[in-house]
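Engineer: Provided herewith is a single structure, encoded as structure tokens, for subsequent inquiry.
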Amino acid sequence: MQDLGLEFECTALESPPPAPQRKASAKSAQHAASKAAINCLPALVAAAGWGQLDKVQEQTRQIVDLLNEHYPSVSKKLAARLTTNPTRLRPLPDNLLIANEPRHTLTELILADTARREIEAIIYEHTLASKLAAYQLQPRHRILLHGPPGNGKTMVAEAFAGELGLPFLQIKYGGFMDSHLGGTNKNLTTVLEFASQAPCVLFADEFDGLGGARDLQGDVGEARRITNHLLIELERLPSHCLFVAATNMTGIMDRALLRRFDFVIELTKPTQTMVVECVNRELRSEITPGFDLRPQIERISSTTFDSVHSVVELCKQIRRDLVLNQGANITTIVQTLKTCPKH
């Protein structure tokens, strides 16, 4: 009897699930693998287009692993290609540029209505590039973002890339500005020629450091030559490269250079409407479960802030205290708003 019992137990443990259940499970696993592999394709295509061969191999290996069980023939062919490194573009000048996946979309950003409408119009114009080309027109593509720090200039640049599905390239000023005569102009040409090869968003933060007015007191000849060179290169930049520059100080920028931009968009400090939108998003019930923060939300919403970033950071401080101290210090945190300057 003991043998029969053991045999029964083993049979029960090893008994396969019913055929319909196995079929559904296999189909579900196949679908999941296919979906995961498809999700790798945008990063693979972007990396291949910009000559980032290490990322190409990394993404390809991931796809090979995902497809191996359910699509072995495709997986085998892809694995065979890992020994080759074709590319049609020059390698990324990584001492001058950073290539990143955009982290933001337009819906995530807290913006004034005027700025949002302008940004939406630019995105719409670029989605209709082929239609414009049929009428011998090109989408406008030189954009200057300005305003006080902390109000989303970098995030807007990333949102352009995210909404349009383009690579996001950012100029690295550490390697860009060259003390040698003519060095910066050479780097500028290298960056813009690289970005011109394929559709992308090219972002230049703190642009006033590069495009300062040529008649500034104390200016030297090299700075003037950089601005002159920039004027020429921006005019040559093709429309499939969306050039986004950002500055906190338009007042010191060269007037002729400002005229090169198709759009000059101001990102202002947050209005009360923007503060309310930001606070309601950052302290929504889904991420503050079990706490009634209505008094704090009302207090913060009636306060003037210099930047959207400062509102977000305050809300994060409150959420952190909820997690670490059950909200014991929230009253003190909110009371510090009394010292915030009014404008």
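Remember, the working numbering sits 96 above the position in the sequence shown when you count from 1. The beta-carbon is built from N, C-alpha and C at its ideal position, and this holds for glycine as well.
(1) Just curious, the beta strand (DSSP E) that residue 362 is in, first and last residue?
(2) By the 10 Å Cβ neighbour count, where 16 or more other Cβ atoms means buried, how is residue 251 classified, buried or exposed?
(3) When DSSP labels each residue in this structure, what does residue 232 get in the three-state scheme?
(4) So, at 6 Å on beta carbons, what are the nonlocal neighbours of residue 190 in its own chain, with the 5 sequence-adjacent residues on each side left out?
(5) State the Cα-Cα distance for the pair residue 228 and residue 336, rounded to the nearest angstrom.
(6) Apply the 10 Å Cβ neighbour rule to residue 420 and answer buried if 16 or more other Cβ atoms are within range, or exposed otherwise.
(7) Does DSSP put residue 336 in a helix, a strand or coil?
(8) From residue 209 to residue 243, what distance separates their C-alpha atoms?
(9) Since residue 366 and residue 407 are thought to touch, with beta carbons under 8 Å apart, how far apart are those beta carbons, to the nearest angstrom?
(10) CB residue 241 to CB residue 338, shorter than 7 Å?
(11) How long is the line joining the alpha carbons of residue 350 and residue 319, rounded to whole angstroms?
(12) From residue 183 to residue 147, what does the alpha carbon distance come to, in whole angstroms?
(13) Is the beta carbon of residue 142 sitting closer than 7 Å to the one on residue 205?
(14) Please check the pair residue 139 and residue 197, which I expect to be a contact at CB under 8 Å, by giving their CB distance rounded to whole angstroms.
(15) In whole angstroms, what is the alpha-carbon distance linking residue 427 and residue 246?
(16) With a threshold of 16 other CB atoms inside 10 Å of the CB of residue 323, please say whether the residue is buried or exposed.
(17) Hey, residue 290 and residue 163 are a contact pair by Cβ (cut 8 Å); roughly how many whole angstroms apart?
(18) Report yes or no: do the region 368 to 385 and the region 393 to 405 share at least 3 C-beta pairs separated by less than 8 Å?
(19) Judging by CA-CA distance, which residue of 150, 165, 167, 207 is the nearest neighbour of residue 188?
(20) Taking residue 239 as part of the beta strand (DSSP E), name the residues at either end of that continuous run.
(21) Where does residue 266 sit, in a helix, a strand or coil, going by DSSP?
(22) Please name the residue in 288, 203, 136 whose C-alpha comes closest to that of residue 333.
(23) Output the boundary residues of the alpha helix (DSSP H) element that contains residue 217.
(24) May I ask you to report which of helix, strand or coil DSSP gives residue 410?
(25) How far does the beta strand (DSSP E) with residue 300 in it reach, from first residue to last?
(26) What residue range is occupied by the uninterrupted alpha helix (DSSP H) comprising residue 162?
(27) Comparing C-alpha positions only, which one of 145, 152, 154, 166 sits nearest to residue 121?
(28) Tell me the DSSP secondary structure of residue 135 in three-state form.
(29) Going by DSSP, what residue range makes up the alpha helix (DSSP H) through residue 283?
(30) Please return the same chain residues whose Cβ sits closer than 7 Å to the Cβ of residue 136, not counting the five positions on each side in sequence.
(31) Does DSSP classify residue 193 as helix, strand or coil?
(32) Consult DSSP for residue 181 and reduce its assignment to one of helix, strand or coil.
(33) Is it buried or exposed, residue 200, if we count other Cβ atoms within 10 angstroms and call 16 or more buried?
(34) Tell me which residues share the same chain as residue 236 and place their Cβ nearer than 6 Å to its Cβ, disregarding the 5 neighbours each side in the sequence.
Structural biologist: The relevant details are as follows:
(1) For this step, residue 362 is matched to residue 266 along the sequence shown. Per DSSP, residue 362 belongs to the beta strand (DSSP E) from 359 to 362.
(2) Counted from its first residue, the sequence shown places residue 251 at position 155. So residue 251 counts as buried.
(3) As a first step, residue 232 is located in the sequence shown; it is residue number 136 there, counting from the start. Residue 232 falls in the coil class under three-state DSSP.
(4) Here residue 190 corresponds to residue number 94 of the sequence shown, with the count starting at 1. Closer than 6 Å at Cβ, skipping near neighbours: no residue.
(5) Working through the sequence shown from its first residue, we reach residue 228 at position 132. Working through the sequence shown from its first residue, we reach residue 336 at position 240. Cα to Cα, the separation comes out at about 12 Å.
(6) If you number the sequence shown from 1, residue 420 lands on position 324. Exposed: under 16 other Cβ atoms inside 10 Å.
(7) Here residue 336 refers to the residue found at position 240 of the sequence shown. In this structure, residue 336 counts as coil in the three-state DSSP scheme.
(8) Residue 209 sits at position 113 when you count from the first residue of the sequence shown. Residue 243 sits at position 147 when you count from the first residue of the sequence shown. Approximately 15 Å, taken between the alpha carbons.
(9) The residue labelled residue 366 in the question sits at position 270 within the sequence shown. The residue labelled residue 407 in the question sits at position 311 within the sequence shown. That pair is a contact at about 6 Å.
(10) Here residue 241 refers to the residue found at position 145 of the sequence shown. Here residue 338 refers to the residue found at position 242 of the sequence shown. Taking 7 Å as the Cβ cut-off, residue 241 and residue 338 do not qualify as a contacting pair.
(11) Along the sequence shown, read from residue 1 onward, the residue named residue 350 stands at position 254. Along the sequence shown, read from residue 1 onward, the residue named residue 319 stands at position 223. Taking the straight line joining both Cα atoms gives about 11 Å.
(12) For the purposes of this step, residue 183 is taken as residue 87 along the sequence shown, with counting starting at 1. For the purposes of this step, residue 147 is taken as residue 51 along the sequence shown, with counting starting at 1. In this prediction, residue 183 scores a pLDDT of 48, lower than 50, which makes its location untrustworthy; the coordinate-derived value is nonetheless stated afterwards. Taking the straight line from one Cα to the other gives about 6 Å.
(13) Walking along the sequence shown from the start, residue 142 turns up at place 46. Walking along the sequence shown from the start, residue 205 turns up at place 109. No. Outside cutoff.
(14) By one-based count along the sequence shown, residue 139 stands at place 43. By one-based count along the sequence shown, residue 197 stands at place 101. Residue 139 to residue 197, Cβ: 7 Å. Contact.
(15) Against the sequence shown, residue 427 aligns to sequence position 331. Against the sequence shown, residue 246 aligns to sequence position 150. Distance between the alpha carbons of residue 427 and residue 246 is about 25 Å.
(16) Taking the first residue of the sequence shown as 1, we reach residue 323 at position 227. Burial call: buried.
(17) Residue mapping note: residue 290 aligns to position 194 of the sequence shown, counting from 1. Residue mapping note: residue 163 aligns to position 67 of the sequence shown, counting from 1. About 32 Å separates the two Cβ atoms, so there is no contact after all.
(18) yes
(19) Translated into positions along the sequence shown, residue 188 becomes position 92. Checked all of 150, 165, 167, 207; the closest Cα to residue 188 is 150.
(20) For the purposes of this step, residue 239 is taken as residue 143 along the sequence shown, with counting starting at 1. Run containing residue 239: 238 to 242, per the beta strand (DSSP E) assignment.
(21) Translated into positions along the sequence shown, residue 266 becomes position 170. Strand at residue 266.
(22) Walking along the sequence shown from the start, residue 333 turns up at place 237. Answer by Cα proximity: 288.
(23) Counting from 1 along the sequence shown, the entry for residue 217 is found at position 121. Run containing residue 217: 209 to 223, per the alpha helix (DSSP H) assignment.
(24) Taking the first residue of the sequence shown as 1, we reach residue 410 at position 314. In the structure shown, residue 410 sits in a helix (DSSP, three-state: H, G or I).
(25) Taking the sequence shown and counting its residues from 1, the one referred to as residue 300 is at position 204. Segment 296 to 300, the beta strand (DSSP E) holding residue 300.
(26) Stepping through the sequence shown from its first residue, residue 162 is reached at position 66. Taken as a continuous stretch (DSSP letters only), the alpha helix (DSSP H) holding residue 162 covers 149 to 163.
(27) If you number the sequence shown from 1, residue 121 lands on position 25. Selected option, being the one with the closest Cα: 166.
(28) Counted from its first residue, the sequence shown places residue 135 at position 39. Helix.
(29) The residue you call residue 283 lines up with position 187 of the sequence shown. Taken as a continuous stretch (DSSP letters only), the alpha helix (DSSP H) holding residue 283 covers 279 to 291.
(30) Counting from 1 along the sequence shown, the entry for residue 136 is found at position 40. Excluding residues within five positions, the ones whose Cβ falls inside 7 Å are 155, 158, 159.
(31) Working through the sequence shown from its first residue, we reach residue 193 at position 97. Of the three classes helix, strand and coil, the one that applies to residue 193 here is strand, per DSSP.
(32) If you number the sequence shown from 1, residue 181 lands on position 85. Annotation note: pLDDT 48 at residue 181 (below 50); position unreliable, coordinate value reported separately. Three-state result, residue 181: coil.
(33) Sequence index remark: in the sequence shown, residue 200 carries index 104 (1-based). Buried is the call here.
(34) As a working mapping, residue 236 is identified with position 140 in the sequence shown. Once the five neighbours on either side are set aside, the close Cβ partners of residue 236 are 358.
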